[in-house]
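Using our numbering, the first residue of the sequence shown is number 1125, and each one after it goes up by one. Note that the Cβ used here is the ideal one computed from N, Cα and C, for glycine as well. Below: the structure, in structure tokens.
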Amino acid sequence: MKLHICHEVGCQALIPMNKRYCDKHSIKHQRPGNLRQRAVSSARNREYNMYHRDPIANGFYHSQEWTKIRNYVAARDYYLDGVTELPVANDRIIVDHIIPRRLLSRDKWLDVDNLWCLSPATHNIKTKLEQSMRDNQLKHCDKRWWIKVLSKRIK
1125 MKLHICHEVG CQALIPMNKR YCDKHSIKHQ RPGNLRQRAV SSARNREYNM YHRDPIANGF
1185 YHSQEWTKIR NYVAARDYYL DGVTELPVAN DRIIVDHIIP RRLLSRDKWL DVDNLWCLSP
1245 ATHNIKTKLE QSMRDNQLKH CDKRWWIKVL SKRIK
């Protein structure tokens, strides 16, 4: 039987070729959530899009232009969270507007200088803060300010 070394940094365990990690490290590297959890999450997203998100935003976030810009920004930022600088999986990364889309004119919705990548956890914290602020305050929050504030909240 052919063997290779576990892909965990520093681990020298020999494992079969059809595995990536040894038994000790395979638990650490399992994909989060099982199929049932992903199906529930997908159903929640569909429900949100159908009943809670405004139709203009829904159309925008499902457009080809947004998909192209989203992929560009994710690649530009190397799939790293803009605050923690930790890697985020492609299917979990959120490309977020620094100044919320609703406060911008339509021609600025796809401005890559106003977009950055966040993990779901960081995005949830940012969204809660945005909801507690007035629109005229949000218009003046730049990327550096968000990094400073969100860094304090995450630690």
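From what residue to what residue does the alpha helix (DSSP H) around Val1219 run? Segment Ile1218 to His1221 is the beta strand (DSSP E) holding Val1219; no alpha helix (DSSP H) there.
For Tyr1145 versus His1128, is the C-beta spacing smaller than 8 Å? no
Could you tell me the distance, in whole angstroms, from the CA atom of Arg1277 to the CA atom of Ile1249? Cα-Cα distance, rounded: 8 Å.
Using 8 Å as the threshold, is the stretch 1216–1225 in touch with the stretch 1187–1202, meaning 3 or more CB pairs across them? yes
Does DSSP classify Trp1233 as helix, strand or coil? coil
For Asn1107 and Ile1223, what's the separation of their Cα atoms in angstroms? The question about residue 1107 has no answer, for the chain in this structure spans 1125 to 1279.
Which residue from Asp1259, Ser1243 and Lys1148 puts its Cα closest to that of Ser1275? Ser1243
Closest to Lys1148 by CA distance: which of Asn1142, Gln1136 and Met1141 is it? Gln1136
What whole-angstrom Cβ distance do Val1197 and Cys1241 have, given they're in contact under 8 Å? 6 Å
On the CB-based measure, 16 or more other CB atoms within 10 Å of its CB, does Val1212 come out buried or exposed? buried
Bridge-paired residues (DSSP) for Pro1140: Leu1127
Quick check on Leu1239: does DSSP put it in helix, strand or coil? Correct three-state label for Leu1239: strand.
Using the DSSP secondary-structure output, state which residues sit across from Pro1211 in a beta bridge. Leu1204
On the three-state DSSP scale, how would you describe His1176? helix
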